[in-house]
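Numbered by our numbering, the letters in the sequence shown go through residues 3 to 619 in order.
Read the structure below first, then the notes.
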Amino acid sequence: MTAPTTHGAPASPPPASPAPADAASDEALEDPRVVRRRSLGLLGSLLRPVARPAWWTVALVVLAQLAAVAGPALVAYGIDSALPALADDGDARPLVVAAGVYLVLAVGGGLLSAQVVRASARVSQAVLLDLRGRLFRHTQRLSLEFHERYTSGRIISRQTSDTDALRELLDGGVTTLASSGLAMVLTATSLALLDWRSGLVLLVAVVPGVVLTRWFQLRSQRQYRLNRTAAARVIVRFVETMTGIRAVQAFRREEAAGHVYGAEAEVYRRTTADAIRVNGVFDTGLTLIGNVTVAGVLLVGGLRVLDDGLDVGVLVAAVLYARRFFQPLQQIGMFYNSFQSATAALEKLSALLAQEPSVPDPQHPVALREVRGDVRFRGVEFGYGDGPGVLPALDLHVPAGQSLALVGETGAGKSTVAKLLARFYDVRAGAVLLDGVDVRDVAPGDLRRAVVMVTQEAYLFSGSVAANIALGRPGASRAQVEAAARAVGVHELVASLPDGYDTLVDKRGGRLSAGQRQLVAFARAFLADPAVLILDEATSSLDVPGEALVQRGLRTLLAGRTAVVIAHRLSTVMGSDRVLVVDGGRVVEDGAPADLATAGGRFAELYDDWQATLRTP
């Protein structure tokens, strides 16, 4: 093994700033045409599986609008033909027929509209179920580098507010657009066929309506983008503050955090108010144009009625059609609100789904059958992202079954070695080999079974103790779970809990102490039975009694397997077969812990300091 030189770079990626400003969408820097194509591609892939029920929904919309558009024509027939027949000849049949057909169409249209709502809901819920599943699966598949860069608040925003924006569009927006657009076409056509002069009045009124709608589209597009970004930042700030609530309360930063959150919320309020003002101008202007149009049709038609150039029933129908024409236009404007919000959300969702893992699966994976645990770093060079090198040309061999401890100051490169071995990151140059096979060529499932990492934060999921231990081997029996717990010395503790192995640990294992959580994590790793075990600061946050409890389980866990132990506490290190002292990404000392403790080097200094702390009362 060689001792390479170093650039003195930190051995961990730079922490993400807690400010939501860092959560600004990366897609904002992309070509809008690329973003649009990607968004439409995502929408198309979501709609293809529900194409048949979607077309059935469209058919229901057409039938419902045909039933609705016939109403004013029937009114005209009733006034101009059925009423004179009743008054002149005493024949009530035309009036009864007109009223009956009107009633049937009204009831049928209502029933069809109800079916449209139900069919649309089925389509939208199927699409959203597919989308949420894709987001969850894809986010899990993305590499650790992504999760260290992409804040949890942004991911939550994608799964909540952005999917909700798309839901609002799919639940009613699409059917509203289809029904409103069809209603306008059918209404204008019916009015033109009924009285072309009234149709001309409507055509003139359409011009300012189109101008107003276009103005609204341009203004609201920008407002809704700003509003969605502001909403995401509020969520990010809230999630990050609540996640770090212990630090906030410990340093009495509640008031400062409240001011920062209040500023983000104020931006959200302001952008929402701006969007509402744009909506208000559009609604008011469209209502005014509609009323002026109705007045124009009534005036032109009324003068012609006086000259016997137009029947009264036709005039009534023309007024009804003119009034009916602008109602869908207003609904389309409201649809555009949902459309803008959903478009901005779809851009963010498609950008997330377009992220590719920085650690891709091998195209031709090599299966590992019986893993011995022989680890070798061969000329490994590595740096985080585009940053400076952290490990320059590291050569290291850990024979199968050897326990290797890595010690050194924070940022020396210890955790980087562990992450490369577990293939959370890929090397820039060189190779990490497991039993002579490059880990980049190993089937992901085989690598995860062969290499298991236990971190400082023994994360427990909401659920029972047994379920958390069984995470190490899905499908494990209760007997296997209990055997693993006995092996690491946690069985008695679990048995003493109110419901034993069925005791719920609450979120993040809150019902257990740090030492107890770590022992459960050890039992989980023991059940997984990996060939290579990585312990990354697994005892650094424990008190003395907790550490003593964990050390007994640790000896059982490490027995007979290759282990890479990263620790600041030498009580964990002294039981290892071999110690590497890492400084600035290079190995400065290598040997058995007992030998290094008396060699007068850096490890000896650490050892003497540790012994002094033990003698201090």
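C-beta: ideal position from N, C-alpha, C; glycine also.
If you're wondering where the values come from, they're calculated on a predicted model, not measured in any experiment.
- For the 8 Å CB-CB criterion, Gly415 and Gly587 form a contact.
- Of the other Cβ atoms in all chains shown, fewer than 16 fall within 10 Å of the Cβ of His366; this residue is therefore exposed.
- Residues of the same chain with a CB within less than 6 Å of the CB of Ala84, apart from the 5 flanking positions on each side, are Pro96, Leu97, Ala100 in chain order.
- Judged by beta-carbon spacing, Val567 lies within the 8 Å limit of Thr574, meaning their Cβ atoms are closer than that value.
- Pairwise C-beta distances place the segment 105–124 out of contact with the segment 347–360, as fewer than three of them are shorter than 8 Å.
- In terms of CA proximity to Leu220, Val280 leads the group Arg169, Val280, Val368, Thr564.
- Annotation: the continuous beta strand (DSSP E) that includes Thr457 extends over 453–457.
- For Gly282, no beta strand (DSSP E) segment is defined; the enclosing uninterrupted segment is the alpha helix (DSSP H) at 256–308.
- As the crow flies, the alpha-carbon of Thr412 is around 27 Å from that of Arg442.
- Rounded to whole angstroms, the gap between the alpha carbons of Thr615 and Gly602 is 19 Å.
- Per the Cβ contact rule, the segment 398–407 is in contact with the segment 369–389 (3 or more Cβ pairs under 8 Å).
- Around Ala478, the same chain offers Ala472, Leu529 as residues with beta carbons nearer than 7 Å, after the five sequence neighbours per side are excluded.
- Of the other Cβ atoms in all chains shown, fewer than 16 fall within 10 Å of the Cβ of Val213; this residue is therefore exposed.
- Burial check for Asn293: the Cβ neighbour count within 10 Å stays below 16, so the residue is exposed.
- Beta-bridge annotation (DSSP): Thr564 is paired with Val534.
- In the three-state reduction of the DSSP assignment, Glu411 falls in the coil class.
- Looking at the backbone, the Cα of Arg580 and that of Ala523 are separated by about 24 Å.
- With a cut-off of 8 Å on Cβ pairs, the segment 327–347 is in contact with the segment 175–182, counting three or more such pairs.
- The residues Val125, in chain order, have a CB closer than 6 Å to that of Ala56 in the same chain once the five nearest residues on each side in sequence are set aside.
- For Leu537, the closest of Trp612, Arg430, Thr418 by C-alpha to C-alpha distance is Thr418.
- Taking a 10 Å sphere around the C-beta of His493, we find 16 or more other C-beta atoms and assign the residue as buried.
- Counting the other Cβ atoms within 10 Å of the Cβ of Pro74 gives 16 or more, which makes it buried.
- By the neighbour-count criterion, in which a residue is buried when 16 or more other Cβ atoms sit within 10 angstroms of its Cβ, Asp164 is buried.
- By the neighbour-count criterion, in which a residue is buried when 16 or more other Cβ atoms sit within 10 angstroms of its Cβ, Tyr461 is exposed.
- Counting only runs of at least 3 residues, the segment 376–454 fully encloses the following beta strand (DSSP E) elements, listed from N- to C-terminal order: 377–385, 391–400, 405–409, 431–436.
- In the structure shown, the three-state DSSP call for Gly246 is coil.
- If you compare the alpha carbons of Trp612, Leu288, Leu598 with that of His570, the shortest gap goes to Trp612.
- For Ala233, same chain residues with a beta-carbon under 8 Å away, outside a window of 5 residues either side, are Ser159, Ser163, Tyr270 in chain order.
- A distance of 8 Å or more separates the beta carbons of Val409 and Phe253.
- Here Val250 is not near Glu257, since their CB atoms are 8 Å or more apart.
- Leu44 and Val176 have their alpha carbons spaced roughly 16 Å apart.
- By the Cβ rule, the segment 497–509 counts as touching the segment 462–469, because three or more pairs are nearer than 8 Å.
- Between the alpha carbons of Ala53 and Leu137 lies a distance of about 21 Å.
- Judged by DSSP in its simplified three-state form, Ser222 adopts helix.
- For Glu150, the enclosing alpha helix (DSSP H) has its first and last residue at 146–151.
- With 16 or more neighbouring CB atoms inside 10 Å of its own CB, Glu242 falls in the buried class.
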